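Enquirer: Okay, here's the structure, questions in a sec.
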Amino acid sequence: MAGESELLRSSKSCRAPAPVPAASKAIACQEITVPMCKGIGYNLTYMPNQFNHDTQDEAGLEVHQFWPLVEIQCSPDLKFFLCSMYTPICLLDYSKPLPPCRSVCERAKAGCSPLMRQYGFAWPERMNCDKLPVLGDAEMLCMDYNRTEATTLPPSFTKPMRAVKGTRKNLTPLDGGDCKRVCECKEPLVFISKETHPLYNKIETGHVRNCAIPCFQPYFTQDEKTFATFWIGLWSVLCFISTFTTVATFLIDMERFRYPERPIIFLSACYLFVSIGYIIRLVVGHASVACNKDYNHIHYETTGPALCTVVFLLIYFFGMASSIWWVILSLTWFLAAGMKWGNEAIASYSQYFHMAAWLIPSIKSIAVLALSSVDGDPVAGICYVGNQNLDKLRGFVLAPLVVYLFTGTMFLLAGFVSLFRIRSVIKQGGTKTDKLEKLMIRIGIFTVLYTVPATIVVACYIYEQHYRERWETAQNCSCPGEKRKLKPDYAVFMLKYFMCLVVGITSGVWIWSGKTLESWKRFTGRCCRSGKPVSTTMYSEANTALTARTGLPSSASYHKQVPLSHV
613 MAGESELLRS SKSCRAPAPV PAASKAIACQ EITVPMCKGI GYNLTYMPNQ
663 FNHDTQDEAG LEVHQFWPLV EIQCSPDLKF FLCSMYTPIC LLDYSKPLPP
713 CRSVCERAKA GCSPLMRQYG FAWPERMNCD KLPVLGDAEM LCMDYNRTEA
763 TTLPPSFTKP MRAVKGTRKN LTPLDGGDCK RVCECKEPLV FISKETHPLY
813 NKIETGHVRN CAIPCFQPYF TQDEKTFATF WIGLWSVLCF ISTFTTVATF
863 LIDMERFRYP ERPIIFLSAC YLFVSIGYII RLVVGHASVA CNKDYNHIHY
913 ETTGPALCTV VFLLIYFFGM ASSIWWVILS LTWFLAAGMK WGNEAIASYS
963 QYFHMAAWLI PSIKSIAVLA LSSVDGDPVA GICYVGNQNL DKLRGFVLAP
1013 LVVYLFTGTM FLLAGFVSLF RIRSVIKQGG TKTDKLEKLM IRIGIFTVLY
1063 TVPATIVVAC YIYEQHYRER WETAQNCSCP GEKRKLKPDY AVFMLKYFMC
1113 LVVGITSGVW IWSGKTLESW KRFTGRCCRS GKPVSTTMYS EANTALTART
1163 GLPSSASYHK QVPLSHV
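Note that the sequence shown covers residues 613 to 1179 in my numbering.
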């Protein structure tokens, strides 16, 4: 019985057992005949057991009720635990009962109790783990399973006992060609063992249940994580500067930006708020926004805390609104070029443009919050949707972006075709086309500056949703000694975040002209003169004289010609 001595565990050396009282009945060892418990690690048992089964046949009838759980391997500890309870070990030189340790019970319960609850069964009270001795108790010896193979879940007890190596493995090994790939929740992934955890039995990573993504991306090195913070911070600040300048220029000279160009201003304003979301993450830190500090893993399907929700709304709501403003911009260009609509005709529909641009993202944002689908991004350190759930990524991010990009591109191409036709007609009539060609060039440049980044962002999301499960599986399910694992391409992620912000930077192209400098000169001039009292009579006389001499309309009549109500 060489294996029997390996089953005994104690923090102190074993002392001779206390003598059994004379009144007690001597334990008679018998060979195990229960089929499920043969070869369990010991060969002898005794009856009656603690459940008052007088024979092994009685014990076998009851213990075999658990055979389906043993067969599906909800916990590799379950079989040993059941046999140690129904067919307790019998030692010739030790006359006291030797129950299983509490740790064995807790591991078996952690693996199988959730499955039992799904079918309406509770963990049997007669197998209450709290009634079993703790490993290391010198007064009450117990036995633990000396495993060479791994168990499904780690023990949830505390030191001095250490978790056995590989105690976070999956139920079923994956065939991996030259080896059997056994899945386990490997560091730096975070294993959830407590039933009180809000995510217990709700998440799965790499085919391992209750395995969570850590606060920071587990696939990248520390240097790559540091550079990602610098990279995203750099472009978010540049995006903020560019979009703030664009929006400020619009506010000081609103008459200059009419339809069909005005949607560019609102698109730029959306990117201004998107950049603020990234800057908040830069200021307060990655962990403060995207991580659950209580459990040291990334946020999963939540609606809070407040900082996470604010960052989500800034980046998701205004990001989606910017895409719709891109569609509206393409539509207004099509109406102007293809349908020959004037500025006033297009501006008369501005309220519908605003309704679409703000209402659709609002509905989507409310839906995400209502479904508690906000989660943390372990790379950028922001809160978004779809970072941990591929279905949410496809439904709330990828599909809308594809629809917006396709729709806007169709309007844009139709507008370009019309512009080329107009240019041909004008040239045939002998009229100069310089202004029209300049407009076409500006539209073409901005088209490239938006369409190319938007297409790349969509491509990056497609790449991510296609490979994410494979990355997680490669992280948790690997061959022994395997060094090269499938992992995400770091450059693709950096490209994605750059392209998410570069449109805000390039939106400033539309205001890069001498008119912008003139607008700011007039604005600063008004600010400087605002402190000096100017005679109203003198100004009125000068204005009247200038109007009479040059034949220009007065300021009052000029403002009547510009419809400021159409924003």
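Ideal Cβ placement from N, Cα and C applies to all residues, glycine included.
Treat the numbers as computed from the prediction; the structure is a model and nothing was measured.
1. Kindly confirm or deny that the region 972 to 980 and the region 923 to 930 touch, where touching means at least three C-beta pairs closer than 8 Å.
2. Thinking just about the alpha-carbon of each residue, which of Gly653, Ile864, Leu1107 and Val923 is nearest to the one in Arg1138?
3. So, at 8 Å on beta carbons, what are the nonlocal neighbours of Thr1069 in its own chain, with the 5 sequence-adjacent residues on each side left out?
4. Give the list of continuous alpha helix (DSSP H) stretches no shorter than 4 residues that lie fully inside the region 878 to 931.
5. Quick test of your reading: Thr861 and Ser1119, contact by CB under 8 Å. State the CB separation rounded to the nearest angstrom.
6. What number of angstroms, rounded off, separates the C-alpha of Ala824 from the C-alpha of Asn655?
7. Whole angstroms are fine: how far does the CA of Lys798 sit from the CA of Leu786?
8. Please say whether Pro990 and Gln834 have beta carbons closer to each other than 8 Å?
9. Tell me where the beta strand (DSSP E) around Asp666 begins and ends.
10. Closer than 8 Å is the cut-off here; do at least three beta carbon pairs connect the region 838 to 857 with the region 881 to 893?
11. Just to confirm, is the Cβ distance from Pro1065 to Trp945 under 8 Å?
12. Are the region 957 to 971 and the region 797 to 816 touching by the rule of at least three beta carbon pairs closer than 8 Å?
13. Let me know if Gln730 comes out buried or exposed under the rule of 16 or more other beta-carbons within 10 Å of its beta-carbon.
14. Buried or exposed: Gly788, going by 16 or more other Cβ atoms within 10 Å of its Cβ?
15. Run the CB neighbour count on Lys814, radius 10 Å, all protein chains shown included, and call it buried at 16 or more, exposed below.
16. Per DSSP, which one or two residues make a beta bridge with Val802?
17. According to DSSP, is Gln1087 helix, strand or coil?
18. Note down, in chain order, each residue of its chain lying with its Cβ closer than 6 Å to the Cβ of Gln1087, except the 5 sequence neighbours on either side.
19. Quick check on Ala722: buried or exposed, where buried means 16 or more other Cβ atoms within 10 Å of its Cβ?
20. Pop quiz: Val923 and Val895 are said to be a contact at Cβ under 8 Å. What is the actual Cβ separation, rounded to whole angstroms?
21. Is the beta carbon of Thr915 sitting closer than 8 Å to the one on Leu981?
22. Measuring only the C-alpha atoms, how far is Val1121 from Arg1033?
23. Could you check whether Leu710 and Cys641 sit closer than 8 Å to each other, using their CB atoms as the reference points?
24. Answer yes if the region 662 to 678 comes into contact with the region 687 to 705, meaning at least three C-beta pairs across the two stretches below 8 Å, and no otherwise.
25. From the DSSP secondary-structure annotation, give me the bridge partner or partners of Cys995.
26. Please classify Ile941 as buried or exposed, where buried requires at least 16 other C-beta atoms within 10 Å of its C-beta.
27. When the Cα atoms are used, what is the spatial distance from Thr851 to Met866?
28. Measuring alpha carbon to alpha carbon, tell me which residue in Ala1011, Leu1031 and Ala957 is nearest Ala949.
29. Examine the ligand NAD and report whether any of its heavy atoms sits within less than 7 Å of the Cβ of Leu1113.
Expert: Reading from the atomic positions:
1. yes
2. Here residue 1138 is taken as the residue at index 526 of the sequence shown, counted from 1. It is Ile864 whose Cα lies nearest to the Cα of Arg1138.
3. Working through the sequence shown from its first residue, we reach residue 1069 at position 457. The sequence shown places Val at residue 1069, rather than the Thr named in the question. Closer than 8 Å at Cβ, skipping near neighbours: Leu1013, Lys1108, Met1111 and Cys1112.
4. 898 to 902 and 918 to 924
5. The sequence position of residue 861 within the sequence shown is 249, counting from 1. The sequence position of residue 1119 within the sequence shown is 507, counting from 1. Their Cβ separation, rounded to whole angstroms, is 11 Å, which puts Thr861 and Ser1119 out of contact at 8 Å.
6. Stepping through the sequence shown from its first residue, residue 824 is reached at position 212. Stepping through the sequence shown from its first residue, residue 655 is reached at position 43. Using only the alpha carbons, I get a separation of about 40 Å.
7. In the sequence shown, counting from the first residue as 1, residue 786 sits at position 174. In the sequence shown, counting from the first residue as 1, residue 798 sits at position 186. At Leu786 the pLDDT is 49, less than 50, meaning the model places this residue with poor confidence; the figure from the coordinates comes in the next sentence. Using only the alpha carbons, I get a separation of about 16 Å.
8. Translated into the one-based positions of the sequence shown, residue 834 becomes position 222. Translated into the one-based positions of the sequence shown, residue 990 becomes position 378. No, the pair does not count as a contact, with Cβ atoms beyond the cut-off.
9. Numbered from 1 along the sequence shown, position 54 holds the residue referred to as residue 666. Per DSSP, Asp666 belongs to no beta strand (DSSP E) and is neither H nor E.
10. yes
11. Here residue 1065 corresponds to residue number 453 of the sequence shown, with the count starting at 1. Here residue 945 corresponds to residue number 333 of the sequence shown, with the count starting at 1. Going by C-beta atoms, Pro1065 is not nearer than 8 Å to Trp945.
12. no
13. What you label residue 730 is simply residue 118 of the sequence shown in a count that begins at 1. When all chains shown are included, Gln730 counts as exposed.
14. Numbered from its first residue, the sequence shown carries residue 788 at position 176. Residue confidence for Gly788 is low, a pLDDT of 45 falling below 50, so the modelled location carries little weight; the figure read from the coordinates is stated next. It is exposed - the Cβ of Gly788 has fewer than 16 other Cβ atoms within 10 Å.
15. Taking the first residue of the sequence shown as 1, we reach residue 814 at position 202. By the neighbour-count rule (16 or more Cβ atoms within 10 Å), Lys814 is not buried but exposed.
16. Locating residue 802 in the sequence shown gives position 190, counting from the first residue. Answer by DSSP bridge pairing, in chain order: Ala824.
17. Within the sequence shown, numbered from 1, the residue matching residue 1087 stands at position 475. Helix at Gln1087.
18. Translated into positions along the sequence shown, residue 1087 becomes position 475. For Gln1087, where only same-chain residues beyond five positions count, the Cβ hits under 6 Å are Gly818.
19. For this step, residue 722 is matched to residue 110 along the sequence shown. Its Cβ being crowded by 16 or more others within 10 Å, Ala722 is buried.
20. The residue given as residue 923 occupies position 311 in the sequence shown. The residue given as residue 895 occupies position 283 in the sequence shown. Incorrect: roughly 11 Å between the Cβ atoms, too far for contact.
21. The residue you call residue 915 lines up with position 303 of the sequence shown. The residue you call residue 981 lines up with position 369 of the sequence shown. It is a contact, given that the beta carbons lie within the stated cut-off.
22. Here the question's residue 1121 lines up with position 509 in the sequence shown. Here the question's residue 1033 lines up with position 421 in the sequence shown. Cα to Cα, Val1121 sits roughly 26 Å from Arg1033.
23. If you number the sequence shown from 1, residue 641 lands on position 29. If you number the sequence shown from 1, residue 710 lands on position 98. The answer is no: Cβ separation not under 8 Å.
24. yes
25. To locate residue 995, count along the sequence shown from 1; it is residue 383. Cys995 is bridged to Gly988.
26. Position 329 of the sequence shown, counting from 1, holds the residue named residue 941. It is worth fixing the name first, because residue 941 is Leu in this sequence and not Ile. The residue is buried, with at least 16 neighbouring Cβ atoms inside 10 Å.
27. Sequence index remark: in the sequence shown, residue 851 carries index 239 (1-based). Sequence index remark: in the sequence shown, residue 866 carries index 254 (1-based). According to the sequence displayed, residue 851 carries Cys and not Thr. In a straight line, the C-alpha of Cys851 is about 21 Å away from that of Met866.
28. Position 337 of the sequence shown holds residue 949. Comparing Cα-Cα distances from Ala949 to each of Ala1011, Leu1031 and Ala957, the minimum goes to Leu1031.
29. This structure simply doesn't include the ligand NAD, nor any ligand for that matter.
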